[in-house]
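In this note's numbering, the protein residues as written are 729 to 838.
Notes follow the structure.
Below you can see the structure in the form of structure tokens.
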């Protein structure tokens, strides 16, 4: 992943996230994204997570967010250590390292 991202470009990329997520702490279909960088996975108390996410065990750091942005279905298996783990979030296919860095830079501003 690229070392530094452009938060303004990331904000533009994040528009597709607004379908399911708020950029505040409030949930929508998915959890609010405010404070997501550094948050323990599955830790928002007002959400109904898949069992793999509810069990958590990982933190949303840059590496884990990048994996999730590219393919959440594969990432949940890898991050949870459970080959049968599932997530309700569809794969977003943001796999380009520069775009990931930009989106993460934006998420850090929330």
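Cβ atoms here follow ideal geometry from the backbone N, Cα and C, with glycine treated the same way.
Could you tell me which residues DSSP pairs with residue i in its beta bridges?
| i | result |
| --- | --- |
| residue 787 | 768 |
Take residue i and list the residues in its own chain whose beta-carbon comes closer than 7 Å to its own, dropping the five residues that flank it on each side.
| i | result |
| --- | --- |
| residue 798 | 821, 822, 823 |
Can you grab the Cα-Cα spacing for the pair residue i / residue j, in whole Å?
| i | j | result |
| --- | --- | --- |
| residue 795 | residue 809 | 14 Å |
| residue 758 | residue 828 | 19 Å |
| residue 748 | residue 816 | 11 Å |
| residue 814 | residue 802 | 9 Å |
| residue 730 | residue 744 | Summary for residue 730: the model assigns pLDDT 48, below 50, so the residue's position carries little reliability; its value from the coordinates is reported in the next sentence. Rounded to the nearest angstrom, the two C-alpha atoms are 21 Å apart. |
| residue 775 | residue 739 | 24 Å |
| residue 754 | residue 805 | 26 Å |
| residue 819 | residue 732 | 24 Å |
| residue 742 | residue 761 | 10 Å |
| residue 756 | residue 769 | 17 Å |
| residue 746 | residue 737 | 15 Å |
Looking only at its own chain, which residues have a Cβ that is under 6 Å from the Cβ of residue i, when we skip the five neighbours before and after it?
| i | result |
| --- | --- |
| residue 836 | 765 |
| residue 793 | 832 |
Give the C-beta separation of residue i and residue j to the nearest angstrom, bearing in mind that I take them to be a contact with Cβ-Cβ under 8 Å.
| i | j | result |
| --- | --- | --- |
| residue 811 | residue 734 | Not confirmed; about 36 Å, so no contact. |
| residue 751 | residue 838 | 5 Å |
What residues in its chain sit with their C-beta under 8 Å from that of residue i, if we drop five residues either side in the sequence?
| i | result |
| --- | --- |
| residue 771 | 784 |
| residue 800 | 815, 817, 818, 819, 820 |
Inset, instruction - Give a yes or no on contact between the stretch 819-836 and the stretch 772-782, applying the rule of three or more CB pairs nearer than 8 Å. - result: no
Inset, instruction - Taking 8 Å as the threshold, find out whether the stretch 760-771 comes into contact with the stretch 786-797 through three or more Cβ pairs. - result: yes
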